[in-house]
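Undergrad: One structure, as structure tokens, below. Some questions next.
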Amino acid sequence: MRTKILVTGGAGYIGSHAVVELQQAGYQPVIVDNFSNSEESALAGIESILGAKVPTYRIDCADAEALRGVFRAEPDVAGVIHFAAYKAVGESVQKPLAYFQNNVGSLLALLAVMPEFGVESLAFSSSCTVYGIPDALPVTEATPTKPASSPYGRTKQMCEDIVHDVAAAPGNRVHTILLRYFNPIGAHESAKIGELPLGVPNNLVPFITQTAAGLREKLTIFGNDYDTPDGTNIRDYIHVVDLAKAHVTAVRRLLERKASDVVETFNVGTGHGNTVLEVVQTFERVSGQKLNYDIGPRRAGDVPAIYADATKAEQVLGFKTETSLADSLASSWKWQQTLKQM
Ligand code: UD1
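Just so we're aligned, residue 501 is where the sequence shown starts under my numbering, counting upward by one.
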């Protein structure tokens, strides 16, 4: 029986945690990564947690011929989790072409090559960014999508559209689960893998932990004049290991052909929103660190508030997050302290 799962972007932040959870759930992950936004050290972390090396192919996922080589070498691959993508909102405005080429190109290559090798199950990394600025909260999977605020967001919307169009074409055999993530934070409890932002972090939590570690002078909170209880943005912060487990559940559903439709969509969030200030205060409490921060202007493109209605994932996938915001932030802090020693 085929039990291997190809994980594109498997050396990245979410991918590395998914590789660990897959293996621990009895699947054999196979990593595809070009290390353009990840580090070899993630492989060592994975190996140290699992006590075994995970087969790794250093190729660009948008290169269909290179992908064919991987599928030829790994005839037991039963399904794919596709993480490989660029993910920085601001950078996508500076380099839109690179984002379309990489994010759309890699999906196109996979969708073309998978059926050639009889691989018919795909879990795709989508994002709550597809909802734009929603009219009502929390967002359900039926909440209409809105124009994206960045090329990055547009690539996720385009990829979802491509999946739907390909699924509807005559003869299509690929079944896809689109997972719309909210804000992943935290690190593996072992602190052997975690987020490795290159350069100055764009995202809130690595910025907080780097500031607390003395690598940044201060955190600037992007605006406190939003229509929220304390004026700062609301997001749904999900622990990365919980998110990784959602992928294992999705893969199982695909392989067991339990999906009710050829494309299914799920929000993957906690179902709770927290303001930026709540995140800062919770971090201070769990880390015992006083954080140097100030309030700055709003950041262009920020959505005032978004959090998931997580009911569908719970009822259909049987997936529910387990980790609190406090525990998630504690794991981020532990990881940051480990990084110092690396
Ligand atoms: C964005 C994308 C999300 C994507 C993620 C990956 C949107 C709507 N969301 O999430 O799809 O997966 O980036 O990079 O496009 N903040 C500060 N100071 C900082 C950094 C952040 O106040 O120095 C605030 C932001 O204003 C925001 C919150 O923290 O309210 C979270 O920001 P961030 O971690 O960058 O994630 P999103 O912008 O929510």
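Note that beta-carbon positions come from the ideal geometry of N, C-alpha and C, so glycine has one too.
#1: Quick one: Cα of Met-614 to Cα of Glu-620, how far?
#2: Look up Leu-743 in the DSSP assignment and say whether it is helix, strand or coil.
#3: Is Tyr-527 helix, strand or coil by DSSP?
#4: What does the alpha-carbon distance come out to for the pair Glu-814 and Phe-600?
#5: State buried or exposed for Gln-524, treating a residue as buried only when at least 16 other CB atoms are found within 10 Å of its CB.
#6: Determine, using beta carbons only, whether His-517 and Val-768 come nearer to each other than 8 Å.
#7: At a threshold of 7 Å, does Arg-799 count as lining ligand 3 (C-beta to nearest heavy atom)?
#8: Residue range of the alpha helix (DSSP H) that Leu-610 falls in?
#9: Excluding the 5 residues flanking Val-763 on each side, which residues of the same chain have their C-beta closer than 7 Å to its C-beta?
#10: Using C-beta distances below 8 Å, list every residue in its chain close to Glu-616, excluding the 5 sequence neighbours before and after it, in chain order.
#11: Which whole-angstrom value is the C-beta distance of Asn-683 and Tyr-737, which I expect to be below 8 Å?
#12: How close, in whole Å, do the beta carbons of Val-604 and Cys-659 come, if the pair is a contact with beta carbons under 8 Å?
#13: Does the region 693 to 703 come close enough to the region 633 to 648 that 3 or more CB-CB pairs lie under 8 Å?
#14: Is it the case that the CB of His-653 approaches a heavy atom of ligand 1 more closely than 7 Å?
#15: Do Ile-514 and Leu-743 count as a contact pair if the criterion is CB distance below 8 Å?
#16: Can you say whether Thr-732 is buried or exposed, counting buried as having 16 or more other CB atoms within 10 angstroms of its CB?
#17: Per DSSP, what are the beta-bridge partners of Asn-683 in this structure?
#18: Should the region 818 to 825 be called in touch with the region 770 to 784, which here means at least 3 C-beta pairs below 8 Å?
#19: Grab the span of the beta strand (DSSP E) containing Leu-656 for me, first residue to last.
#20: Taking the alpha-carbon positions, what's the Gln-836 to Arg-673 distance?
#21: CB-CB under 6 Å to Tyr-527, same chain, minus the five flanking residues each way: which ones, in chain order?
#22: Please list the segments of the alpha helix (DSSP H) lying wholly inside the region 750 to 797, counting only runs of 4 or more residues, in order along the chain.
#23: What is the residue span of the beta strand (DSSP E) that Leu-550 lies within?
TA: Taking the geometry as given:
#1: Working through the sequence shown from its first residue, we reach residue 614 at position 114. Working through the sequence shown from its first residue, we reach residue 620 at position 120. As the crow flies, the alpha-carbon of Met-614 is around 7 Å from that of Glu-620.
#2: Counted from its first residue, the sequence shown places residue 743 at position 243. If DSSP states are grouped into helix, strand and coil, Leu-743 belongs with the helices.
#3: Position 27 of the sequence shown holds residue 527. In this structure, Tyr-527 counts as coil in the three-state DSSP scheme.
#4: What you label residue 814 is simply residue 314 of the sequence shown in a count that begins at 1. What you label residue 600 is simply residue 100 of the sequence shown in a count that begins at 1. Straight-line spacing of the CA atoms in Glu-814 and Phe-600 works out to 32 Å.
#5: In the sequence shown, residue 524 corresponds to position 24, counting from 1. With fewer than 16 other Cβ atoms within 10 Å, it is exposed.
#6: Walking along the sequence shown from the start, residue 517 turns up at place 17. Walking along the sequence shown from the start, residue 768 turns up at place 268. No, the Cβ-Cβ distance between His-517 and Val-768 is not below 8 Å.
#7: The model depicted lacks ligand 3 and carries ligand 1 instead.
#8: Residue mapping note: residue 610 aligns to position 110 of the sequence shown, counting from 1. Under the DSSP assignment, Leu-610 falls in the alpha helix (DSSP H) whose first and last residues are 605 to 613.
#9: To locate residue 763, count along the sequence shown from 1; it is residue 263. Answer for Val-763: Val-663, His-664, Ala-667, Thr-676 and Leu-678, listed in chain order.
#10: In the sequence shown, counting from the first residue as 1, residue 616 sits at position 116. Within the same chain, Glu-616 has close Cβ partners Arg-568 and Phe-571.
#11: Locating residue 683 in the sequence shown gives position 183, where the first residue counts as 1. Locating residue 737 in the sequence shown gives position 237, where the first residue counts as 1. Right, the Cβ-Cβ distance comes to about 5 Å (below 8 Å), so this counts as a contact.
#12: Indexing the sequence shown from 1 puts residue 604 at position 104. Indexing the sequence shown from 1 puts residue 659 at position 159. The Cβ separation is near 6 Å, so the contact holds.
#13: Under the Cβ criterion (8 Å, minimum of three pairs), the region 633 to 648 does not count as touching the region 693 to 703.
#14: In the sequence shown, the residue the question calls residue 653 occupies position 153. The residue asked about is misnamed: residue 653 is Gly in this sequence, not His. For Gly-653, the shortest separation between its Cβ and any heavy atom of ligand 1 lies below 7 Å.
#15: Position 243 of the sequence shown, counted from the first residue, corresponds to residue 743. Position 14 of the sequence shown, counted from the first residue, corresponds to residue 514. The answer is yes: Cβ separation under 8 Å.
#16: Here residue 732 refers to the residue found at position 232 when the sequence shown is read from its first residue. By the neighbour-count rule (16 or more Cβ atoms within 10 Å), Thr-732 is buried.
#17: Translated into the one-based positions of the sequence shown, residue 683 becomes position 183. According to DSSP, Asn-683 shares a beta bridge with Tyr-737.
#18: Judged by pairs of C-beta atoms under 8 Å, the region 818 to 825 touches the region 770 to 784, as three or more such pairs exist.
#19: Against the sequence shown, residue 656 aligns to sequence position 156. Contrary to the premise, residue 656 reads as Lys rather than Leu in this sequence. Counting along the chain, Lys-656 sits inside no beta strand (DSSP E); it lies in the alpha helix (DSSP H) bounded by residues 651 to 668.
#20: If you number the sequence shown from 1, residue 836 lands on position 336. If you number the sequence shown from 1, residue 673 lands on position 173. In this structure, the alpha-carbon of Gln-836 lies about 43 Å from that of Arg-673.
#21: On the sequence shown, position 27 is the one that residue 527 refers to. Excluding residues within five positions, the ones whose Cβ falls inside 6 Å are Thr-503 and Ile-505.
#22: Restricted to the region 750 to 797, the alpha helix (DSSP H) segments that are unbroken, complete and at least 4 residues in length are 776 to 787, listed in chain order.
#23: Position 50 of the sequence shown holds residue 550. Not the beta strand (DSSP E): Leu-550 falls in the alpha helix (DSSP H), residues 541 to 550.
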